[in-house]
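There are 2 protein chains.
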Amino acid sequence: MWKLANDKKVLIIGLGLLGGSYAEGLTNLGYEVGAITRSPESIEYALDKGIIASGQTEVTEEYVKQFDLLVFCLYPHVFLDWLKQYQSFIKPGALLTDVTGVKRSIVYPVQAMLRDDLEFIGAHPMAGKEVYGVKNATSKMFSKANYIVTPTLKNTPEGIEACEELGRILGFRSVKRLSPEDHDEMIGFLSQLTHCIAVSLMVCKDSENLVDYTGDSFRDLTRIAKINETMWTELFYLNKDELLLQMELFSEKFDRLKEAIRTEDTETLHEIMKLSTQKRKLFDN
Amino acid sequence: MWKLANDKKVLIIGLGLLGGSYAEGLTNLGYEVGAITRSPESIEYALDKGIIASGQTEVTEEYVKQFDLLVFCLYPHVFLDWLKQYQSFIKPGALLTDVTGVKRSIVYPVQAMLRDDLEFIGAHPMAGKEVYGVKNATSKMFSKANYIVTPTLKNTPEGIEACEELGRILGFRSVKRLSPEDHDEMIGFLSQLTHCIAVSLMVCKDSENLVDYTGDSFRDLTRIAKINETMWTELFYLNKDELLLQMELFSEKFDRLKEAIRTEDTETLHEIMKLSTQKRKLFDN
């Protein structure tokens, strides 16, 4: 039975902001953490800071087969390619998880291709910063974030429990379970749609003239408009159907408000704003 | 020549969050501050806290005529009605200003109806909180906010200078001058459009199921979705032409992004996101 005791050895594949933060948190908890990542500087930095016990840029069977838990912190397509190429290196009985921000298009293909003696359970740590790389990594950023596990019928109760335990020991504010479908709908709305709105607002005007006058409203709405175009484009495509539905939903509401302003339909405007005020109160914390 | 020395007596008309914050700040600076407001409790509270030296709920000539500077902190239509009814009470040579969030539809009508021996100069302190009333008033909230003066050809250099001085002594982060037209375009975009976006996003879904999963993105984008429907509806109508233009502009950008996602037009997506990232950097502070 799979248990996340700290005699387990953990391999982080992709040592960036998230991977580095997992490594730091797990090392501090007494786990032996290794890393495979493309950049020698990242390995060097993480070894120097004591965030990892070992690391290399090459994927070798000798190295990979030591580990009991593998955490994939890669771009989605790189993750899928990695598994195709190297899953034969992985120790039988190992548990695999990830940090990818979309789930249907990852979880099902991975579980379909995976060796029978391995288990993959998808996870999405909803943590992020506007900075990148292992040098900005810190497990402190998990304390305000949610961690979502997306099990399927292919997962074992022990695998699910171990993956949830990982979120708990890393200090996430909450650990929840969702189906890949529910996850993708939720993330399409709460995260992908909000980024689309922020980006669209940010590119409306020449900002030079506006900086002097911006209050908190515009700053709040565009905080996430600094965006890694390669990663987000990939995530948008992998959740395209859901994201487009959420964008349509928003457009409908926005157009209804626009029409009410145009026709000075005070009753509708008051109704929308009261509903908005009432709904937002649920989020006060 | 009009100078804002602190032997001037200041009347606040409408003692809410903004009016109360002006009163508190000016009293602390040594000005004698009076107030007219509808609620006896607000007067009582402000007298008790020493924020005002005097105050009443009735508009009487005897009271109004003492004051050299009048600051109107009323809903736009209430402000216009007040002047029609009571401007005969005001001391000759007095200076009038306001805090209204739209300017063309206030400044020109007021200046057109005003007695020749009075001067009105529009101002917009871009400060606010999600709470209301004199009990939440504090001039501390000005330190992070901009103060915009919107003079016209009807204003005197002394009047403009006194109004700008008012913003400086109240501790605003910056004091700027804009035409009423430029002000309304700017505010239509930075403030009114952002509120329309936040409200539209907030009413998209049943939030109960989402609260557990929201990260900072959704919270940031909906912080201003708690909104006073009466005031904002009035402000939207008074700036309707500009607001609708800004809403159209946003819809265009949003639709372009949607289309690029739908057709997987990676080049366009990368271009938009890079532009967004570059523009947002100007706002880092």
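Which chain is which? The protein sequence lines are A and B, in order. Residues in the first sequence are numbered consecutively from 44, following the numbering used here. Residues in the second sequence are numbered consecutively from 44, following the numbering used here. C-beta: ideal position from N, C-alpha, C; glycine also. Just so we're clear, the structure is a prediction, and the values are computed from it rather than from any experiment.
Counterpart residues of residue i in DSSP-defined beta bridges
{"i": "Gln99(A)", "result": "Ile79(A)"}
{"i": "Glu285(A)", "result": "Beta-bridge pairing links Glu285(A) to no other residue."}
{"i": "Ile191(A)", "result": "His167(A) and Lys219(A)"}
{"i": "Asp141(B)", "result": "Phe115(B)"}
{"i": "Ile55(A)", "result": "Ala78(A) and Val114(A)"}
{"i": "Glu302(B)", "result": "Bridge partners of Glu302(B): none, in fact."}
{"i": "Glu162(A)", "result": "Leu138(A)"}
Below-8 Å beta-carbon distance, residue i vs any chain B residue
{"i": "Leu213(A)", "result": "no"}
{"i": "Arg305(A)", "result": "yes"}
{"i": "Phe110(A)", "result": "no"}
{"i": "Arg323(A)", "result": "yes"}
{"i": "Leu292(A)", "result": "yes"}
{"i": "Leu60(A)", "result": "no"}
{"i": "Phe163(A)", "result": "no"}
{"i": "Ala268(A)", "result": "yes"}
{"i": "Met156(A)", "result": "no"}
{"i": "Cys206(A)", "result": "no"}
{"i": "Ser222(A)", "result": "no"}
{"i": "Leu288(A)", "result": "no"}
{"i": "Val140(A)", "result": "According to the sequence displayed, residue 140(A) carries Thr and not Val. So no, Thr140(A) is outside the interface."}
{"i": "Lys197(A)", "result": "no"}
{"i": "Val246(A)", "result": "yes"}
{"i": "Leu113(A)", "result": "no"}
{"i": "Leu264(A)", "result": "yes"}
Residue i at chain A interface by Cβ criterion, 8 Å
{"i": "Lys317(B)", "result": "yes"}
{"i": "Val242(B)", "result": "yes"}
{"i": "Ser22(B)", "result": "The requested residue 22(B) does not occur in the structure, where chain B is confined to residues 44 to 328."}
{"i": "Thr193(B)", "result": "no"}
{"i": "Ile217(B)", "result": "Residue 217(B) is actually Ser in this sequence, not Ile. True, the Cβ-Cβ gap to chain A drops below 8 Å."}
{"i": "Ser82(B)", "result": "no"}
{"i": "Thr351(B)", "result": "Beyond the ends of chain B as shown, which are 44 and 328, falls residue 351(B); an answer cannot be given."}
{"i": "Lys46(B)", "result": "no"}
{"i": "Thr309(B)", "result": "yes"}
{"i": "Leu312(B)", "result": "yes"}
{"i": "Lys52(B)", "result": "no"}
{"i": "Leu233(B)", "result": "yes"}
Continuous alpha helix (DSSP H) stretch holding residue i: start and end
{"i": "Ile149(A)", "result": "Arg147 to Met156"}
{"i": "Thr320(B)", "result": "Thr309 to Lys324"}
{"i": "Gln60(A)", "result": "Checking the sequence shown, residue 60(A) turns out to be Leu, not Gln. Element bounds for Leu60(A): Leu60 to Asn71."}
{"i": "Glu204(A)", "result": "Pro200 to Ile212"}
{"i": "Cys264(A)", "result": "Rather than Cys, the amino acid found at residue 264(A) in this sequence is Leu. Its alpha helix (DSSP H) spans residues Asp259 to Thr265."}
{"i": "Ile240(A)", "result": "Thr237 to Met245"}
{"i": "Val107(B)", "result": "Glu104 to Val107"}
Opening and closing residue of the beta strand (DSSP E) in which residue i lies
{"i": "Val174(A)", "result": "Where Val174(A) is concerned, there is no enclosing beta strand (DSSP E), given that its DSSP letter is neither H nor E."}
Within-8 Å CB hit, residue i to chain C
{"i": "Leu300(A)", "result": "Among the protein chains in the structure shown, which are A and B, there is no chain C."}
Quiz prompt | Inter-stretch contact (C-beta, 8 Å, three-pair minimum) for the segment 130-144 of chain B and the segment 75-90 of chain B | solution = Counting Cβ pairs under 8 Å, fewer than three are found: no touch.
Quiz item: Between the segment 251-262 of chain B and chain A, which residues of the former have a C-beta closer than 9 Å to a C-beta of the latter?
Solution: Answer set for the segment 251-262 of chain B: Glu251, Asn252, Leu253, Val254, Asp255, Tyr256, Thr257, Gly258, Asp259, Ser260, Phe261 and Arg262.
Quiz item: Is it true that the segment 249-261 of chain A meets the segment 220-239 of chain A, where meeting means three or more beta-carbon pairs spaced less than 8 Å apart?
Solution: Result no; under three Cβ-Cβ pairs closer than 8 Å.
Quiz item: In the segment 167-189 of chain A, which residues sit with their C-beta less than 7 Å from some C-beta in chain B, listed in chain order?
Solution: Listed in sequence order: Met169, Ala188 and Asn189.
Self-check item: Interface positions of the segment 116-137 of chain B facing chain A (Cβ-Cβ less than 8 Å), listed along the chain
Solution: Per Cβ criterion, the list is empty.
Quiz item: Any contact of the segment 115-123 of chain B with the segment 57-67 of chain B, i.e. 3+ C-beta pairs under 8 Å?
Solution: Enough Cβ pairs lie closer than 8 Å, so yes.
Self-check item: Cβ contact check for the segment 255-268 of chain B and the segment 298-307 of chain A: 3 or more pairs under 8 Å
Solution: As far as the Cβ criterion goes, the segment 255-268 of chain B does not touch the segment 298-307 of chain A, which means the pair count is below three.
Quiz item: Using a beta-carbon distance cut-off of less than 8 Å, what residues from the segment 63-74 of chain A approach chain B?
Solution: Within the segment 63-74 of chain A, no residue qualifies.
Practice problem: Flag this pair as touching only if the segment 188-206 of chain A and the segment 162-177 of chain A have three or more C-beta atom pairs under 8 Å; answer yes or no. | Solution: The answer is yes - the segment 162-177 of chain A touches the segment 188-206 of chain A, with three or more Cβ pairs under 8 Å.
Self-check item: Contact residues within the segment 271-285 of chain A, judged by C-beta distance below 9 Å to chain B
Solution: Listed by position, the residues of the segment 271-285 of chain A near chain B (Cβ gap below 9 Å) are Asn271, Glu272, Thr273, Trp275, Thr276, Phe279, Tyr280 and Lys283.
Practice problem: Could you tell me whether the segment 234-241 of chain A touches the segment 290-299 of chain A, where touching means 3 or more Cβ pairs closer than 8 Å? | Solution: With a cut-off of 8 Å, the segment 290-299 of chain A and the segment 234-241 of chain A count as touching, because enough Cβ pairs lie within range.
Quiz item: Per the contact definition of three or more C-beta pairs closer than 8 Å, is the segment 240-249 of chain B in contact with the segment 317-325 of chain A?
Solution: These segments touch.
Quiz item: Below 8 Å, can you find three or more Cβ-Cβ pairs linking the segment 277-285 of chain B to the segment 206-219 of chain A?
Solution: Not touching, per the Cβ criterion.
Self-check item: Near-chain A residues of the segment 77-103 of chain B (beta-carbon distance less than 9 Å), N- to C-terminal order
Solution: For the segment 77-103 of chain B, the set of residues with a beta-carbon nearer than 9 Å to any beta-carbon of chain A is empty.
Practice problem: Could you tell me whether the segment 174-181 of chain A touches the segment 87-99 of chain A, where touching means 3 or more Cβ pairs closer than 8 Å? | Solution: Here the segment 174-181 of chain A makes contact with the segment 87-99 of chain A; the two share three or more CB pairs at distances below 8 Å.
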